[in-house]
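Enquirer: Just so we're on the same page, this note's numbering is the position in the sequence shown counted from 1, plus 12. Beta carbons: idealized from backbone N, C-alpha and C, even for Gly. Nothing here was measured: the structure is a model prediction, and the numbers come from that model.
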Amino acid sequence: MKVLIIGAGNMGKTYARSFLASRFIDANDLYILERSTGSVAGIKEIPQGNIHPQAGEFIAQADIIILSVKPQDFPTLGRHIMPYVKNTQLILSIMAGIKIAAIYEAIGATKIVRAMPNLPAQIGMGMTVFTSSADIDKKELFIMQNLINTTGKSVYVEDENKIDAATAISGSGPAYVYYFMEAMIQAGVKMGFTLSQAELLVNQTFMGAVHLHNQSDLTCEEWIARVASKGGTTEAALKVMKENTVESNIESALFAAFNRAKELGN
Ligand SMILES: NC(=O)c1ccc[n+]([C@@H]2O[C@H](COP(=O)([O-])OP(=O)(O)OC[C@H]3O[C@@H](n4cnc5c(N)ncnc54)[C@H](OP(=O)(O)O)[C@@H]3O)[C@@H](O)[C@H]2O)c1
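(1) Can you tell me whether residue 114 is helix, strand or coil according to DSSP?
(2) Within 10 angstroms of its Cβ, does residue 279 collect 16 or more other Cβ (buried), or is it exposed?
(3) Over what stretch of residues does the beta strand (DSSP E) that includes residue 165 continue unbroken?
(4) Is it buried or exposed for residue 231, if we count other Cβ within 10 angstroms and need 16 for buried?
(5) Could you say which of 128, 193 and 93 lies nearest to residue 104 if we only look at CA atoms?
(6) Which residue wins for smallest C-alpha separation from residue 183, given the options 137, 170 and 59?
(7) Which residue from 108, 77, 179 and 131 puts its Cα closest to that of residue 292?
(8) Considering Cα atoms alone, identify which of 233, 225 and 189 is closest to residue 214.
(9) Is the Cβ-Cβ distance between residue 80 and residue 106 less than 8 Å?
(10) For residue 138, which three-state DSSP category applies?
(11) Within a Cβ cutoff of 8 Å, which residues of the same chain sit near residue 169, ignoring the five residues on either side of it in sequence?
(12) Just curious, the alpha helix (DSSP H) that residue 196 is in, first and last residue?
(13) Drop a sphere of 10 angstroms on the beta-carbon of residue 254, count the other beta-carbons inside from all chains shown, and report buried for 16 or more, exposed for fewer.
(14) Are three or more beta carbon pairs between the region 184 to 203 and the region 155 to 174 nearer than 8 Å?
(15) Can residue 24 be considered in contact with ligand 1, in the sense that its beta carbon sits closer than 7 Å to one or more heavy atoms?
(16) Give a single yes or no on whether residue 95 has its beta carbon closer than 7 Å to a heavy atom of ligand 2.
(17) Please determine whether the Cβ atom of residue 180 lies at a distance below 7 Å from any heavy atom of ligand 1.
(18) Tell me whether residue 214 sits in a helix, a strand or coil according to DSSP, three-state version.
(19) Would the beta-carbon of residue 42 be found less than 7 Å away from any heavy atom of ligand 1?
(20) Going along the chain, which residues of its own chain have a beta-carbon closer than 7 Å to the beta-carbon of residue 52, five neighbours each way excluded?
(21) Is the closest heavy atom of ligand 1 to the C-beta of residue 45 under 7 Å?
(22) Less than 8 Å between the CB atoms is what I'm expecting for residue 119 and residue 97, so what's the real figure, rounded?
(23) By the DSSP assignment, the beta strand (DSSP E) with residue 123 in it spans what residues?
(24) Less than 7 Å between the CB of residue 18 and some heavy atom of ligand 1, yes or no?
(25) Taking the C-alpha atoms as reference points, what is the distance between residue 123 and residue 233?
(26) Measuring straight from C-alpha to C-alpha, what distance separates residue 153 and residue 99?
This is the structure we're talking about:
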């Protein structure tokens, strides 16, 4: 199975490394179309002859084409690759905001998977939500999900609009986590810890809390009840969070991201 990755930036390279590390794709079957020469120089396994600086007949030879350029670069790229794309090829697009219909319009492909991954894909801990065009059959979808799963976990959605919701939750999600962590680290420093101590306290707390949650059937609310005893310190903190409507502020923030994703898609 020949796989062509178009766009060798952060995500393109993440996919290339994940396919190779999982042994899902042999290096000889991995092809790259890069704009800036040397973009994949760090991935030594890929034969030099498989790395192309411009569109050409090799595009027609791929079974799967991954579109990982920035959305604003897609119109130009689309014009360059359209003459070589066949409608038997499977397309995996991770471009934010570019709808399946727009990809069909630009390159004429009909077997399209549209996915929204997130940054931890870089370490195999990604979360990807994906959907597909009607032309993809179950077997093809299974192959695509296996490819995606080399970067972490995935969820399939029927409704393409849910990709915008996924962008707001898991796509942008890592940034919200870092925002919360940073606020805790700064508070720790103000209480007298050194920066590296505060970072350790916060990192380990996030990691421990998530692992504990994953290893049980308890909900977040039930875990909160286990930490917060009546009249205690956690209760004092949660009271301030409730007074400041932190929960509904988080919800508003996520809906702002959801609405922005919808706007960008239009
Ligand atoms: N980063 C994330 O966390 C994330 C999460 C979800 C989805 N995405 C989506 O993933 C896509 C890629 O994001 P990224 O962060 O990997 O961006 P990036 O690091 O900027 O990578 C994009 C790559 O595409 C190359 N490129 C642009 N036009 C090209 C063309 N005509 N032919 C060949 N290569 C071309 C760029 O080349 P140059 O080096 O010459 O600029 C660059 O190497 C975006 O559409 C984004 O919406 C990203």
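Expert: With the structure as the only source:
(1) If DSSP states are grouped into helix, strand and coil, residue 114 belongs with the helices.
(2) In the structure as shown, the chain starts at 13 and stops at 278, and residue 279 therefore has no counterpart that could be examined.
(3) Taken as a continuous stretch (DSSP letters only), the beta strand (DSSP E) holding residue 165 covers 164 to 168.
(4) exposed
(5) 128
(6) 137
(7) The structure shown does not extend to residue 292, since the chain is modelled only from 13 to 278, so the question has no answer here.
(8) 189
(9) yes
(10) strand
(11) 141, 142, 143, 175 and 178
(12) Note, residue 196: alpha helix (DSSP H), 185 to 202.
(13) When all chains shown are included, residue 254 counts as exposed.
(14) no
(15) Under cutoff, so the answer is yes.
(16) Inclusion of ligand 2 in the displayed structure is not the case, the ligand content consisting of ligand 1 alone.
(17) no
(18) helix
(19) no
(20) 20, 25, 28, 44, 46, 58 and 63
(21) yes
(22) Contact between residue 119 and residue 97 holds: their C-beta atoms lie close to 5 Å from each other, under 8 Å.
(23) 123 to 128
(24) yes
(25) 42 Å
(26) Looking at the backbone, the Cα of residue 153 and that of residue 99 are separated by about 15 Å.
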